[in-house]
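Engineer: Have a look at this one before I ask anything.
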Amino acid sequence: MSRFLVRRVLHALIVLWLAFTLSFAVLFVVPGDPVELMLGDEQLRQLSAEQLAAIKAEFGTDRPFVVQYLDQLGGLLRGDLGSSYQNGVDVTTLLVQAAPSTLALAFSALVVGLVLGFGIALSAALTHRAWLRGLLLALPPLSASLPTFWVGLVLLQVFSFQLGWLPAFGARGPSGIVLPAISLGIPISAAIAQVLHKSLTTTVAEPYADVLRAKGVGHLRLFFRHALRNASLPTLTTVGLVVAGLLGGAVLTETVFSRNGLGQLAATAVSQKDVPVVQGVVLLAAAVFVVVSLIVDLLYTVLDPRIRLEKAAA
C-alpha cells in the first residue's frame, strides 16, 4: 500500500510539473504582452515608452523566459500562485470563488451522464427486441457527435425561449443548473453507455456465466449480481477520465449559459494572457486529474479483490 501511494504521489508531482511548464511555455510564446492587454489601447496611447517599460518591469514581464519561469516555479513551491495581472486579486482567492459553481455543474452533469449512460446500456442489454436494441445503441454515437455548445443552444431555444420552463442566461439556483447539466451530461452518457454495454455483452458471454446458468441462476440475477459488477471496471476507468475532463467541457458550457466558474475564469484569463490565473486553473485541473485517477485505482481493488495495489502500480 505504501509503495503504491509513494509511486502515485511521485506521478502526481511529475504531472503537475509538466502541466505547469507546458502552460507557461505556451502562454509565453503566444503573441501579445499581458501588460499591454491589461492597459488597453486608450491607456497605451497616453503612456510614453519609458512609462510603459517601467510598468512592465514592475510586473516582471520584461524579464527573460527562464527568469520568469523560475520565479513562477519558486512561488508555486512556496504555495504562492501569485496575483492576477488584470485586477491584482490573489489567484487562490479567484479559484476559491469560482470553484463552487463549476463543481456544482460538474457534479450535476456527471449525475445526468451516469443516469442516461447506465439507462441506455442496461436497457439495450436486457431488451429482447432487436429494433429497440438497435435504436438504443444508436443514441451514444449520435450524442457523442453533437457539439456541447450546439446542444446548449438548442436546449435554451426550446426550454427557455419557446416553452419558458427554465431560466436562460446567468441564472442561479437549482433551476439555473438544469440545462447546463444536461448539455454537459449528454456526451458523458455516450461514453459511459458505449463502454458499459460492450463490457456487459462480453461478460455475459464468458464461461463462468454459462456455469451459473447451468446451476439455475436466472437471467436478471446473473446480470445484476455478477455481470454488472465485472463489467463495471472498464466503465469506472471511463468515468474517471470523464470526471477529469469535465473542466474542459465546463468552459464551453459556462460560456453558452453565461455562468460564472472556472471555465469562464480560464477563458477570460487566456484571452487577456493573465499567466498566473491560467496556471492556477491548469494546476487545479491537473490536481483533479491525478486525484480522480488515484481514487479509480483504489476502487479497482474494491470491485475486484484479485487486483493488488502493487500490481496496479507496476
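Going by my numbering, the residue at position 261 of the sequence shown is 622; the numbering climbs one at a time, nothing skipped. The C-beta atom is built at its ideal place from N, Cα and C for all residues, glycine as well.
#1: Name the two residues that bound the continuous alpha helix (DSSP H) containing Q407.
#2: Only counting runs of 4 or more residues, tell me where the alpha helix (DSSP H) segments fall wholly within the region 414-460, in order along the chain.
#3: Using a Cβ-Cβ cutoff of less than 6 Å, which residues in the same chain neighbour F522 once the five nearest sequence positions on both sides are dropped?
#4: Considering just the uninterrupted stretch of the alpha helix (DSSP H) at K559, what are its terminal residues?
#5: For L516, which residues from the same chain have a beta carbon less than 8 Å from its beta carbon, with the 5 sequence-adjacent residues on both sides left out?
#6: Which of helix, strand or coil does DSSP assign to A674?
#7: So L660 packs on L597, CB below 8 Å; how close in whole Å?
#8: Please state the DSSP three-state secondary structure of Q625.
#9: Where A674 and R369 are concerned, what is the direct C-alpha to C-alpha distance, given to the nearest angstrom?
#10: Just to confirm, is the Cβ distance from V452 to G641 under 9 Å?
#11: Measure the alpha-carbon distance for P528 versus S536 and round it to whole angstroms.
#12: How about the region 580-600 and the region 555-569: do they share at least three Cβ pairs that are nearer than 8 Å?
#13: Would the beta-carbon of T614 fall within 9 Å of that of V556?
#14: Suppose you measure from the CA of V636 to the CA of W492; what does that come to, to the nearest Å?
#15: What do you get for K576, buried or exposed, if any count of 16 or more other CB atoms within 10 angstroms of its CB means buried?
#16: Inspect the beta-carbon positions of L626 and V617 and report whether they are closer than 9 Å.
Structural biologist: Based on what the coordinates show:
#1: 395-407
#2: Annotation: the region 414-460 contains the following complete segments of the alpha helix (DSSP H) (minimum length 4 residues), in chain order: 426-438.
#3: none
#4: 535-564
#5: L540, I543, S544
#6: Annotation note: pLDDT 49 at A674 (below 50); position unreliable, no value reported.
#7: Confirmed, Cβ separation roughly 6 Å.
#8: Reduced to three states, the DSSP call for Q625 is helix.
#9: At A674, the pLDDT of 49 sits below 50, so the modelled position is not reliable; the number obtained from the coordinates is stated separately. Each residue's alpha carbon lies about 8 Å from the other.
#10: yes
#11: Those two C-alpha atoms are separated by around 7 Å.
#12: yes
#13: no
#14: 53 Å
#15: Exposed is the call here.
#16: no
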